[in-house]
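The block underneath contains the structure these notes are about, expressed in structure tokens.
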Amino acid sequence: MSETKTPQEPSTQLQVDMDDATAQGVYANLAGVMHSETEFILDFLFLQPNAPKAKLRSRIISSPVHTKRLLAALADNVRKYEARFGPIEAALPPQPESQA
Numbered sequence: 006m007s008e009t010k011t012p013q014e015p016s017t018q019l020q021v022d023m024d025d026a027t028a029q030g031v032y033a034n035l036a037g038v039m040h041s042e043t044e045f046i047l048d049f050l051f052l053q054p055n056a057p058k059a060k061l062r063s064r065i066i067s068s069p070v071h072t073k074r075l076l077a078a079l080a081d082n083v084r085k086y087e088a089r090f091g092p093i094e095a096a097l098p099p100q101p102e103s104q105a
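For the sequence shown, the numbering used here assigns the number 105 to the last residue and increments by one with no breaks.
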């Protein structure tokens with residue numbers, strides 16, 4: 006019996022260059038998502054307790070294909086996180102009341 010091997014792509018590591026300020030990151034505790042036919046816009050915001058207004062910390066504009074890859078990567082990482090640390094108890098934000 007012969008064994009068929011599938012060719013594998015050589016693994017490459019992406020090297021990322023960043024300045025110190027970017028490497029520090031920014032904290033966001035709220036996010037918003039919008040989209041058009043050609044792009045997704047992800048807004049990351051910081052909302053202080055009892056503050057009436059959030060501050061936009063970062064806006065990412067991405068293609069639909071890349072956004073779907075990001076969604077898959079986030080889902081995979083949440084699954085791994087919960088397997089290690091237990092379920093994330095996420096309170097869903099209140100939904101606006103529909104007007105009939």
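Glycine included, every Cβ here is placed at the ideal spot set by N, Cα and C.
If I'm right that residue i touches residue j with Cβ under 8 Å, what's the distance once you round it to whole angstroms?
i, j, result
"LEU50", "ARG62", "6 Å"
"LEU19", "LEU35", "Rounded, the Cβ-Cβ distance is 29 Å, inconsistent with contact."
Could you tell me which residues DSSP pairs with residue i in its beta bridges?
i, result
"ALA36", "PHE49"
Can you give me the C-alpha to C-alpha distance between residue i and residue j, rounded to a whole angstrom?
i, j, result
"LYS60", "THR17", "37 Å"
"GLU87", "ALA96", "16 Å"
"ALA105", "ALA26", "With a pLDDT of only 49 at ALA105, under the threshold of 50, the placement of this residue in the model should not be trusted; the figure read from the coordinates follows. Using only the alpha carbons, I get a separation of about 49 Å."
"LYS58", "PRO15", "48 Å"
"ALA28", "ASP22", "9 Å"
"THR108", "ALA80", "Residue numbering for the chain in the displayed model covers 6 to 105; residue 108 lies beyond these limits and cannot be assessed."
"LEU76", "ASN55", "31 Å"
"LYS85", "GLU94", "15 Å"
Could you check which residue in the options has the C-alpha nearest to that of residue i?
i, options, result
"SER41", "PRO69, ASP81 and TYR32", "PRO69"
"TYR32", "VAL21, ARG64 and ASP22", "ARG64"
"THR43", "GLN29, ILE66, ASP22 and ALA26", "ILE66"
Entirely enclosed alpha helix (DSSP H) segments - the segment 61-95, minimum 4 residues: DSSP runs (the alpha helix (DSSP H)) wholly in the segment 61-95: 69-90.
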